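Have a look at the structure below before the remarks.
Chains as they are written, first to last, in the working numbering: chain A, 945 to 1038; chain B, 59 to 191.
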């Protein structure tokens, strides 16, 4: 182990890195929603009479896609605040 | 055009109404099935209400973004997504830190809109299959 770093601190640091990696999952839906909105606006410009159908499809699709980002957020918050890895290490009693 | 706009509003209101019905059923199950239901119910109500408000915010964002140019719509939609994401983060952090709110039921509440949309779509496709026969 690295000098001057306790095992608990190392686990907490790794948990923070894991939380940061989990937050990457939040970027995807943002890019996807932006892309969908841009294409939707272009589609309404080409075919204004289809606005209601485009809105409906975008609403359902984006609401479902957004939940994927929430999953990543949940994992990150669990790693940061609940600290399951540190608890598991302490229970091992090494 | 007015009829179409009415149909749009009807869709979001239908989803919100169904979410509330599902939420009431789940609250009933929690009240009957658990010994200490108060934190579970509070977490679920907290998550569901924020989920519904987020869905409404999404609807307003989409309606506004369709009136913009594609590039502006893309940037606007991404910005609004980040704001909603930040709101969800605050809700989840509060649910983790507060003892009187259960975290897992808050997550379930936030996912209720997705559950309703998926069951709604599956139900509609099953009904369509039977109607064709």
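Glycine included, each C-beta is placed from N, C-alpha and C at the ideal position.
Source: prediction; values computed, not measured.
Chain-ordered neighbours of residue 129 (chain B) on chain A, where CB pairs are closer than 7 Å
Going along chain A in sequence order, the residues near residue 129 (chain B) (Cβ under 7 Å) are 982.
To the nearest angstrom, report how far apart residue 175 (chain B) and residue 1036 (chain A) are at their CA atoms.
Distance from the CA of residue 175 (chain B) to the CA of residue 1036 (chain A), rounded to the nearest whole angstrom, comes to 43 Å.
Name the residue from B:68, B:120, B:172 whose alpha carbon lies nearest to the alpha carbon of residue 1013 (chain A).
Closest option to residue 1013 (chain A), Cα to Cα, is B:172.
Is there a C-beta anywhere in chain B that falls below 8 Å from the one on residue 977 (chain A)?
At a cut-off of 8 Å, the C-beta of residue 977 (chain A) has a neighbouring C-beta in chain B.
C-beta atoms of residue 977 (chain A) and residue 136 (chain B) nearer than 8 Å
Yes, Cβ-Cβ distance for residue 977 (chain A) and residue 136 (chain B) is below 8 Å.
Quick check on DSSP: helix, strand or coil for residue 92 (chain B)?
Looking at residue 92 (chain B) - three-state DSSP - the assignment turns out to be coil, as it is neither helix nor strand.
Am I right that residue 955 (chain A) and residue 1033 (chain A) are in contact with their C-beta atoms under 8 Å? What's the rounded C-beta distance?
At roughly 6 Å, the Cβ-Cβ gap stays under 8 Å, so residue 955 (chain A) and residue 1033 (chain A) are in contact.
As a quick exercise: from B:99, B:148, B:154, B:113, pick the residue whose alpha carbon is nearest that of residue 69 (chain B).
The candidate whose alpha carbon is nearest that of residue 69 (chain B) is B:113.
Assigned secondary structure, residue 169 (chain B) (DSSP; H/G/I helix, E/B strand, else coil)
Residue 169 (chain B) sits in coil when the DSSP states are folded into three classes, being neither helix nor strand.
Please confirm whether residue 141 (chain B) has its beta-carbon closer than 8 Å to some beta-carbon of chain A.
Not one chain A Cβ lies under 8 Å of residue 141 (chain B).
Touching or not, the region 92-112 of chain B and the region 971-988 of chain A, by the rule of three or more beta carbon pairs under 8 Å?
These segments do not touch.
Between the region 90-109 of chain B and the region 73-82 of chain B, do three or more beta carbon pairs fall short of 8 Å?
Yes, since at least three Cβ pairs between the region 90-109 of chain B and the region 73-82 of chain B fall closer than 8 Å, the two stretches touch.
In terms of residues, what are the limits of the alpha helix (DSSP H) holding residue 995 (chain A)?
Residue 995 (chain A): member of the alpha helix (DSSP H) spanning 995-1021, first to last residue.
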